[in-house]
Structures are given as C-alpha cells and as structure tokens.
Amino acid sequence: KMEISRENFRAIFYDYKCNLTPKQCIDRLHLAFGDEAPSNRTVYNWFAEFHRGRTFLCDEFREGRPSTSVVATNVVHKMIERDRHMTYREIQTSLGIDVKTIHTILHDHLSVRKLCSRWISHNLTEAQKQARVKWSKEMLKKFNRDRSNLIYNIVTGDETWIYSYKPESKQQSTVWVFQNEPKFVHSATKQMIACFFSYTGHVTLKDRRTVNIHYYTTICLPEVINKLRRTNRNRRIILHHDNVDFLSSKNVELMTHCPYSPDLSPNDFFLFPNIKKKMRGESLEAAVETFRTLISEVTASEKKCFENWFEHMQKYIDLKGEYFKKQ
140 KMEISRENFR AIFYDYKCNL TPKQCIDRLH LAFGDEAPSN RTVYNWFAEF HRGRTFLCDE
200 FREGRPSTSV VATNVVHKMI ERDRHMTYRE IQTSLGIDVK TIHTILHDHL SVRKLCSRWI
260 SHNLTEAQKQ ARVKWSKEML KKFNRDRSNL IYNIVTGDET WIYSYKPESK QQSTVWVFQN
320 EPKFVHSATK QMIACFFSYT GHVTLKDRRT VNIHYYTTIC LPEVINKLRR TNRNRRIILH
380 HDNVDFLSSK NVELMTHCPY SPDLSPNDFF LFPNIKKKMR GESLEAAVET FRTLISEVTA
440 SEKKCFENWF EHMQKYIDLK GEYFKKQ
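Using this note's numbering, the first residue of the sequence shown is number 140, and each one after it goes up by one.
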C-alpha cells in the first residue's frame, strides 16, 4: 500500500488536477512539509493511480477512511484559497464533479459566498447630489463649457493601484468569501502609480518608485510643477487634485473635486479604465510596465477627454446629480 496522510494526499491530488508534473509536486511537498513529505516513489505512484482514474481512494489513508465528499471539500477549499476568482466551470474541469455537488460543497460545506470586488456606485444623499450639480455648474461657468483658454492651465493628477489580477467584467470581479471573513481586497500584490496630464499631453515623471504619501508630496508633485513651469516661471497652473496644503505653499490654484465622484475625474473615467482594460490578467511587474508604456498612447486623445469631462458635468446637472451609466 502507498502509506500517506490525508494532508499529503490532498496536496498531491490538487497538484495533479492543476496539471503540475510529479517533480513539481515533489518540490512543493518538500517546501511545505519538509521531512514529513511523502517519498518520491509515493508521489509518482499516486500520479499514476490518478491517471488511471483512481481518485478519492479512501481505503489508502493511514489516518482513517474519510468520505469522498470530505476529500472533495478540502480540495475545493484549497482551490478557492489559492484563487478567489475560481469559477464553477474551472472546479468542474479540475475535479470532474457535477455542478450540483460543487454547489453543495461551496454553500453547505464551506459556507462561502460570492461578493463583487469592483467599485460600486455610492448611494448618494440629496446633499451630495446637490453638491455635484453645484460643482458642475461652477466649472462649466468658469471654463465657459471648455471654450475658455483656461483649460490649457488645467493639470489633472491622481494615483491608482495596479494589481496582479484585473478582471474584465462585474461577473469576473466576484470573489469567494468565507463565513465571518473580513471584506476581501483585490490582491496582495499591488503597486501604486501616479499620473498627471493636461489638455496638451502627459506629464512624464522620471522617478518610477512605488508611490507613497511622502514620495507623492516631496518628489512627485514638485516635479510636476517644476516641469510645467520650466519655460514660464509665472505660468498659471490649475491643478485638479486634493492635496490642498502642499499646493497652497507652491502658489498653485486648486480645482476642487466632489466627494464620491470618480465619474467626475478624467483619470478615473478616462485614463485609468482605458489603460487597465489592456492589462487584464497580467503579473504585477508586467502590468506596471504596460501601464507606464500605455500612458502616452492613451493620453494622445486628451482633448477628447477634456471635452467629455465638461459633457459629463452637463449630464449631472440634467440628472440632478445622479450617476449615469455609459452607453
């Protein structure tokens, strides 16, 4: 008999279903269990048995005879822990079990549920809607509905998190959450990127380190301002941003922004979505590099973006401050 613990059996079975080789499985077992890992021969034998269709063979366990459902439940548990976006179809393909069984395992045995990890529109209060309308009217008047030359002075800046996984749709954005588990965040692997652009183009930043508050206020913003004033020290700058204290000390005019209104920020409704939709499913390193490469390409249409921005303002006035869905 192939003596093996339940824990080792589940690990071997999971690796087999994930199409890993016996050698890869052995390396992972030694990394996880050290001297308690099963022998190489045992792993190769079990891979051969699985290949012949002998799955969930409870009589081979040294620690007792758990039911098939217990083994399947533990394997599904490990699959979800490794990938919170795991779908029914992916589980079915990996384990060869029917949808009804998967549903029972997920909801009855594991008590997991799916939650959407995307940004969901905030339920605006009447006061917030009125504030959005007021802000939109003020901006349309100040910039003469984008026809004023002042729009050339606007520089919009923001930062965004780049994750190692970015789903395409709301359905793909749902993640499995275990009972009594804290709210799930996108990914443990992420990096913040800062970006600034104006009507005339993207403001390139030399320092590409990970963004934090200290870097942002002491290096990033000063670099942007100095670059914009390189040819004209007295150039008027209207910065669409929320770091008020720093901006006032640099004689930079602040263009206010409404709370709960990413749909009124060019970075949020134009730049970031257009770049991120081309980065779906990339590793963190690849995603960050892709983001930096695409910034200039996407911001080539800044003029259209600014036109859309002022069109958005008018729409919010027409909708009395409500969010609207893009058609």
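Heads up, the beta-carbon is just placed ideally off N, CA and C, and yes, glycines get one too.
Cβ pair residue i, residue j closer than 8 Å
{"i": "T295", "j": "N365", "result": "no"}
{"i": "L170", "j": "N147", "result": "no"}
{"i": "I151", "j": "V182", "result": "yes"}
{"i": "Q267", "j": "Y399", "result": "yes"}
{"i": "V363", "j": "F335", "result": "yes"}
Residue burial classification, residue i (beta-carbon count within 10 angstroms, cutoff 16)
{"i": "D247", "result": "exposed"}
{"i": "S178", "result": "exposed"}
{"i": "L360", "result": "buried"}
{"i": "T160", "result": "exposed"}
{"i": "N158", "result": "exposed"}
{"i": "S275", "result": "buried"}
{"i": "R223", "result": "buried"}
{"i": "T98", "result": "In the structure as shown, the chain begins at 140 and stops at 466. Residue 98 is therefore absent and cannot be evaluated."}
{"i": "S308", "result": "In this prediction, S308 has a pLDDT of 48, which is less than 50 and means its spatial position is unreliable; what the coordinates show is noted afterwards. Under this definition S308 is an exposed residue."}
{"i": "I259", "result": "Low per-residue confidence applies at I259: pLDDT is 49, beneath 50, and the placement is therefore not dependable, though the value from the model is reported in the following sentence. Answer is exposed; the Cβ neighbour count stays below 16."}
{"i": "D457", "result": "exposed"}
{"i": "D174", "result": "exposed"}
Beta-carbon separation (whole angstroms), residue i vs residue j, contact threshold 8 Å
{"i": "I293", "j": "H379", "result": "6 Å"}
{"i": "I244", "j": "E298", "result": "At roughly 40 Å, the Cβ-Cβ gap does not stay under 8 Å, so I244 and E298 are not in contact."}
{"i": "F408", "j": "H451", "result": "7 Å"}
{"i": "V214", "j": "L249", "result": "At roughly 11 Å, the Cβ-Cβ gap does not stay under 8 Å, so V214 and L249 are not in contact."}
{"i": "F430", "j": "I301", "result": "6 Å"}
{"i": "Y338", "j": "F445", "result": "5 Å"}
Cutoff 8 Å; reference residue i; Cβ partners in own chain excluding five residues on either side
{"i": "Q163", "result": "D154"}
{"i": "R271", "result": "L263, C397, S400, L403, Y455, G460"}
{"i": "A176", "result": "N147, I165, L168, H169"}
{"i": "Q269", "result": "G460"}
{"i": "S287", "result": "K281"}
{"i": "G192", "result": "none"}
{"i": "R149", "result": "V210, N213, V214, K217"}
Own chain partners of residue i with C-beta closer than 7 Å, once the 5 adjacent residues on each side are dropped
{"i": "Y227", "result": "V238, I241"}
{"i": "G203", "result": "Caution applies to G203, whose pLDDT of 37 falls short of 50 and renders its modelled position unreliable; the value that the coordinates give is listed next. Nothing meets the Cβ criterion."}
{"i": "N94", "result": "The structure shown has nothing for residue 94, since the chain only spans 140 to 466."}
{"i": "L482", "result": "Missing from the structure shown is residue 482; the chain here goes from 140 to 466 and no further."}
{"i": "M394", "result": "I293, I377, L378, H379"}
{"i": "I230", "result": "V215, M218, I241"}
{"i": "I236", "result": "A211"}
Cutoff 6 Å; reference residue i; Cβ partners in own chain excluding five residues on either side
{"i": "R368", "result": "R374"}
{"i": "F449", "result": "R284, D285"}
{"i": "E392", "result": "I377"}
{"i": "E428", "result": "none"}
{"i": "T432", "result": "none"}
Cutoff 8 Å: residue i Cβ touching any chain D Cβ
{"i": "K459", "result": "No chain D is present in this structure, which holds just one protein chain."}
Inset, instruction - Examine the Cβ distances between the region 406 to 416 and the region 281 to 294 and report whether three or more of them are shorter than 8 Å. - result: Because the criterion of three Cβ pairs below 8 Å is not met, the region 406 to 416 and the region 281 to 294 do not touch.
Inset, instruction - Count the C-beta pairs between the region 181 to 194 and the region 243 to 254 that are closer than 8 Å, then say yes if the count reaches three, no if not. - result: They do not touch, by the three-pair rule.
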